[in-house]
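Asks: Structure incoming, see below.
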Amino acid sequence: MMKHISPRHLIFGLLLAGLLTACKQEAVVPTESQPATAALQMYPDYRDVTLPPNIAPLNFMVRNAADNYVATFEAKGRQVVAGREDGKIEIDTTEWRALTRAARGGDIKVTVYAETDGTWQRYPEYRLHVAQEDIDPYLSYRLIEPGYELYRQVGLYQRNLTNFQVQTIYENNRAPKQEDNHCVNCHNYQNYSTSRMLFHVRGNHGGTILAENGKIRRLAMKGDSILGAAVYPSWHPTKNLLVFSTNQTGQVFHTLDKQKIEVIDEGSDLIFYDVDHNTLRNIIKTPNTLENFPCWSPDGRKVYYCAGTLPELKTLPDSLHGKAIVNRYDSLRYNIMSIDFDERTQTFSNPQLVVNCVAMHKSASVPRVSPDGRYLLFTLGDFGQFHIWHKSSDLYVKDLQTGRIYPLTEANSPDVDSYHTWSSNGRWIVFSSRRDDGSYTRPYIAYFDRQGRAHRAFMLPQEDPETNLLLMKSYNVPELTKDAVRYSADDFKEAVYGPDEPVRNEEKQPIRTEIP
Amino acid sequence: MSQKRKPRSTAAAASARTPHPASAAKPRKHIKLPRFSSYIVTFALLWFFCSCYYGDVFYMANQYSYFAFDATLMHFLLQQPMGWLMATGRMLLTTFHYPALGGALLALMLTLSGRLLVYILRLPPRARWAGNLVAFAPVAYFMYLNYNLYYQSEPSIVFTLPLVMLVVLAVVALAIRLITGQHLKCSLRGSDDDTPAGRALGLVAALVLTIGLFGYAQAVPQQNTRLVCTMQRMLEQRNWEGMRRCGLEARQPDRGVAAYYALGLMQLDRLPDDLFAIHFHYPKVSIDNRAGEHLDGAELYTGDLNFYSGLINPAYQEAMTSFVADGPSVITIKQMALCAVLNGEKPLAERYFHMLRQQPFEGAFIEKYEPLVQHPEKLADYPELKLAYDLRPTKDSFEQFYKQPLFLGYYTEINAARVLQALRLSYAACLYAKALPQLAQRVAFMRGQQLPQPVEDALAIMALRDPSVLKLHPISQFTQMRLQEFLTRVAQLGVEDRKKTGEALRDDYENYYPFYYFFENLPEDAPKASANQKGGVN
């Protein structure tokens, strides 16, 4: 028989077989099934989460061993079916969108089936709660390996949350080349719009990349009286003004502790940059107090920030501050403070204690005010300020109307929950969490209801649900925007490799009030 | 079969018919070589060299590589210029998980390249041995690269170079075939105009080139590279005795050889007694990273030293640093998985095992260690991991506070331990670092006990300056007399030219701590810290 099959026929047959197996097999809901004996193991775990109606399909993997899998999603008389033999439940985006639109303000019922030896088992159904409010469609983030001293391939990316499209904002050198090597961090936007944005470049070609009005510039944010490089930024909600922290940051490595790294500021102040006038000056300059993570209030009248100190710093010369902080890293705690801003005179005054974390034996970082100005969202850990390495860190909120401070229990996890951003409508928060494996940070999205309560958070969905298992980089600094970045990666590259622009240093007396 | 065929070449036929004067007088017995014999021999010799002798180097090149069919995992490589070529090379490199298989593939590609060159250049039978130059040259080049073949370099070169060479030669050969219409004649039977003399020359050339490779492999850098790779592979196989023997085999061990030798001794519990049986006159190592920076190569072994001496977090950090700078590699993923296992980080360990599962042929490692994730109580079944776990520091500290130099961790700073073996490590570290006061502190509690000979020798040196040491630790007459004799000889030879004196004394004072103390591992030979991409917090 075989001698009649020519090699040409054989190749054609193999190609045909390949094509046939590659064709998507229609998932069919089993007509008969029995309740499953084991609990459903799914990755990511999307059970009973609240999701925005415009989110991309919540694809997932079933990890219970079986031969075939099917999942049904039902709401308002509509049904979407997906399934595959490898356990990956990948939902058609068009069908999903119609389903979530129909289910807005209601629930989607999900049932998962698994077939073993010709018998289908049915896992207990669960619900997806669809909120009324959409989430801003774009999420920017940085991808970098979790930690340590080196950087090689680092990039800023923007994900369209309504589908799975990812746009590269900027990537550093793809191939190893010492003269090109640089890091990028701290991307930031003005009031959820990409019309004004910035990020920093560290290492070779270092500077602050600032884009506005179709022009990109690389700024050398330096000054004789400025402590160091401009670091954590915040853009005034309406004016072309920026505040930054300026930090002298170092890190030390634990030999035994599971938190592995401690990132420590030996010094930090707040600085102010007027973009239109290209002037830079200190806002708060204190040798014994460490100010960090500035953030404008939505009305632009206040800047919230974190401030910490150690009592012994006052008695030590500046040169010994770093050593003292390293030795007592677990005693250094930060409060949340605010200062007033006078838009007319462009002056800052009146430092006020907003959250006394030290009294709680806790330490705060990244204060962010909700767009309606009512809630102050921040990360609280046992000590320090770089909470991405602190397993104790959780999201907390202060209701600025009532003064009540409470944890976002439903959204928090036993592992790190840190860097967060509000959606422009104040109903969603996106934050970085290490709950998946304790090391690789993933963006989690949580609904924040009108009562100030966060709902169970869910991991950023991916087209291939295995992506978050295979991607060996962390998602850093999630930032939501209403529109896509308007510049190409090449535009940014041109600016990064172009000449830098010096900023003018303005001499104005900074606040020198130390924490008592 | 092929010998019965009549040669078609008229020149060759004429040559065969014309009797040689000498052979007319006395018929010479020709050694009949099959037509394809030179290629078979070339292939066989290359295969033997690449798999049996130098196979461990290529095996480690595969360990410092990573290949998966998943685009997400390979993104780091595919986004680079010519990333697809490097990925192809890495895919082929996975065959070196079994050096016999990888060696066969490499030898086949190189042999074919040699054959194609012969065709392209239309070399006459007596010049066809030159094809072997092309076949052997890449192997010699790989040996020339030493650690740069795989360490902080792109390891796919092991196959991309032969592959590109083969493809280019094949394309040129095809073009010639299409233009000239001349048959390729590249079947295993060889060319029809081959002559016995030509085949013999080919055979001789292959043999000479192989001997040349073996000779080159004995040069100090090449020997050290091979030994380090062998020791790294033995470490994976937990062949501690093999590691010890490899260390002793090195003529002039570099820091890598010394590190793995010490690691082997540690596992055999022969520290510090046998530590100074090798020479600590480190040769300069030439390693460049991917960005073109010159390195001292310490990262090659510090991860393993840290891990097996219980510094789990620093080992993880070392692996992560390598992961960041060079992309994922099998060896770093394994290290990170084991670190996560010992740290009790189950989901993290599962992530690394999952990643490792995407790389072909790594099932044995996963099968062996993955069960530990769910069953940490079985740690006692893995003596080397159990020892690393027991050697963990008793209290947390920052790695920056530890005292250099690194030696199986930084044990010169450790004062408390969970197991007695940590103390022996600590002695060894103090001896290696020539930190005699710290050594005296550590042995203080062993008053009246028999000290290891190197420790006693070290205390004897210390007693020269501080005789009160003798009150705490009585030192034998033999030890003191031998030290006096040694010092007398040193005085006779003079210390102006320390290197020369050391050379003169070496043979008589092998494995003698005072010789190490005064003449080996000298501060002026210590590597200088290299600038790299360290940029603080990212």
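Residue numbers (the numbering used here), protein chains in the order written: chain A, 56 to 571; chain B, 175 to 712. Glycine is no exception: its CB is placed at the ideal position from the N, C-alpha and C atoms.
Looking only at its chain, what residues have a beta carbon closer than 7 Å to the beta carbon of Ser-197 of chain B, apart from the 5 residues adjacent to it on each side?
Replies: Residue placement at Ser-197 of chain B is flagged as unreliable, the pLDDT there being 43, under the threshold of 50; a coordinate-derived value is accordingly withheld.
Asks: Return the residues of the segment 187-219 of chain A that lie within a Cβ-Cβ distance of less than 7 Å from chain B, sorted by chain order.
Replies: Ile-199, Glu-200, Gly-202, Tyr-203, Glu-204, Leu-205, Tyr-206, Arg-207 and Gln-208
Asks: Tell me the DSSP secondary structure of His-194 of chain B in three-state form.
Replies: Because the pLDDT of His-194 of chain B is 47, which lies under 50, any placement of that residue in the model is unreliable, and the question is left without a value.
Asks: Within the continuous beta strand (DSSP E) that includes Asp-244 of chain B, where are the two ends?
Replies: Careful: Asp-244 of chain B lies outside any beta strand (DSSP E) and carries neither H nor E.
Asks: Would you say Lys-569 of chain B faces chain A, with C-beta separation under 9 Å as the test?
Replies: yes
Asks: What are the start and end residues of the alpha helix (DSSP H) that includes Gln-694 of chain B?
Replies: The sequence shown places Glu at residue 694 of chain B, not Gln. In the DSSP assignment, Glu-694 of chain B falls outside any alpha helix (DSSP H) and carries neither an H nor an E.
Asks: For the beta strand (DSSP E) that contains Met-116 of chain A, what are its first and last residues?
Replies: 115-117
Asks: Can you name the residues that DSSP bridges to Asn-243 of chain A?
Replies: Per DSSP, A:Leu-253.
Asks: Over what stretch of residues does the alpha helix (DSSP H) that includes Trp-221 of chain B continue unbroken?
Replies: 211-221
Asks: Can you tell me which residues form a DSSP beta bridge with Gly-322 of chain A?
Replies: A:Gln-303
Asks: Give the residues of chain A in contact with Met-417 of chain B, contact being defined as C-beta atoms less than 8 Å apart.
Replies: Within 8 Å Cβ-Cβ: nothing; Met-417 of chain B doesn't reach chain A, min ~25 Å.
Asks: Whose CA, out of A:Pro-107, A:Lys-357 and A:Asp-470, lies closest to the CA of Thr-217 of chain A?
Replies: A:Pro-107
Asks: Does chain B have any CB closer than 9 Å to the CB of Gln-89 of chain A?
Replies: no
Asks: Thinking C-alpha only, which one of B:Val-402, B:Asp-640, B:Arg-351 and B:Tyr-686 is nearest Glu-659 of chain B?
Replies: B:Tyr-686
Asks: Please tell me whether Val-498 of chain B has its Cβ less than 9 Å away from any Cβ of chain A.
Replies: yes
Asks: Output yes or no for whether 9 Å exceeds the beta carbon distance between Leu-530 of chain B and Val-547 of chain B.
Replies: Contact: no.
Asks: Any contact between the segment 289-304 of chain A and the segment 318-338 of chain A? By contact I mean 3 or more CB pairs, one from each, below 8 Å.
Replies: yes
Asks: Less than 9 Å between CB atoms is the rule here; does Thr-495 of chain B satisfy it with respect to chain A?
Replies: yes
Asks: Measure the C-alpha to C-alpha separation of Glu-180 of chain A and Val-167 of chain A and round it to an integer number of angstroms.
Replies: 7 Å
Asks: Closest to Pro-557 of chain B by CA distance: which of B:Thr-506, B:Gly-430, B:Gly-386 and B:Ser-483 is it?
Replies: Minimum Cα distance to Pro-557 of chain B is reached at B:Ser-483.
Asks: DSSP state of Ala-514 of chain B, grouped into three classes?
Replies: helix
Asks: According to the neighbour-count rule (16 or more other Cβ atoms, all chains shown, within 10 Å of its Cβ), is Lys-673 of chain B buried or exposed?
Replies: exposed
Asks: Let me see if you follow: with CB-CB separation under 9 Å, is Ser-197 of chain B close to chain A or not?
Replies: Low per-residue confidence applies at Ser-197 of chain B: pLDDT is 43, beneath 50, and the placement is therefore not dependable, though the value from the model is reported in the following sentence. At least 9 Å separates the CB of Ser-197 of chain B from every CB of chain A.
Asks: Check each residue of the segment 574-598 of chain B: if its Cβ is closer than 7 Å to any Cβ of chain E, include it; give the result in chain order.
Replies: As a matter of chain content, chain E is missing from the structure shown, whose protein chains are A and B.
Asks: Let's see if you can read the secondary structure: which residues bound the alpha helix (DSSP H) around Met-521 of chain B?
Replies: According to the sequence provided, residue 521 of chain B is Pro. The question's Met does not apply to it. Element bounds for Pro-521 of chain B: 520-531.
Asks: Would the segment 360-370 of chain A and the segment 380-394 of chain A be scored as touching if the rule is three or more Cβ pairs under 8 Å?
Replies: yes
Asks: Who are the near neighbours of Arg-418 of chain B in its chain, counting only those whose CB is closer than 8 Å to its CB and skipping five residues on each side?
Replies: Tyr-435, Gly-438, Leu-439, Leu-442, Arg-444 and Asp-448
Asks: For Ile-649 of chain B, I'd like the list of residues in its chain whose CB is within less than 7 Å of its CB, leaving aside the five on either flank, ordered along the chain.
Replies: Glu-630, Leu-633, Ala-634 and Ala-637
Asks: Under a CB-based cut-off of 9 Å, is Asn-572 of chain A close to chain B?
Replies: Here chain A has residues from 56 to 571 only, and residue 572 of chain A is not among them.
Asks: Classify Ala-362 of chain A as helix, strand or coil using the three-state DSSP reduction.
Replies: strand
Asks: Taking the alpha carbon of Ala-512 of chain A as the point to measure from, which residue in A:Asp-504, A:Ala-158 and A:Leu-435 has its own alpha carbon closest?
Replies: A:Asp-504
Asks: Sorted by chain position, which residues of the same chain lie with C-beta nearer than 6 Å to Ile-570 of chain A's C-beta, five sequence neighbours on each side aside?
Replies: Thr-344, Ala-362 and Thr-364
Asks: Specify whether the segment 507-522 of chain A and the segment 451-470 of chain A touch according to this definition: at least 3 beta carbon pairs, one from each stretch, less than 8 Å apart.
Replies: yes
Asks: Within 8 Å, do at least three Cβ pairs link the segment 250-264 of chain B to the segment 514-532 of chain B?
Replies: Taking one beta carbon from each stretch, the segment 514-532 of chain B and the segment 250-264 of chain B have fewer than 3 pairs nearer than 8 Å; the two do not touch.
Asks: Lys-313 of chain A versus chain B: which residues are under 9 Å apart at the beta carbon?
Replies: Asn-487, Asn-517, Gly-518 and Glu-519
Asks: Over the uninterrupted beta strand (DSSP E) stretch that includes Tyr-287 of chain A, give me the two end residues.
Replies: 285-290
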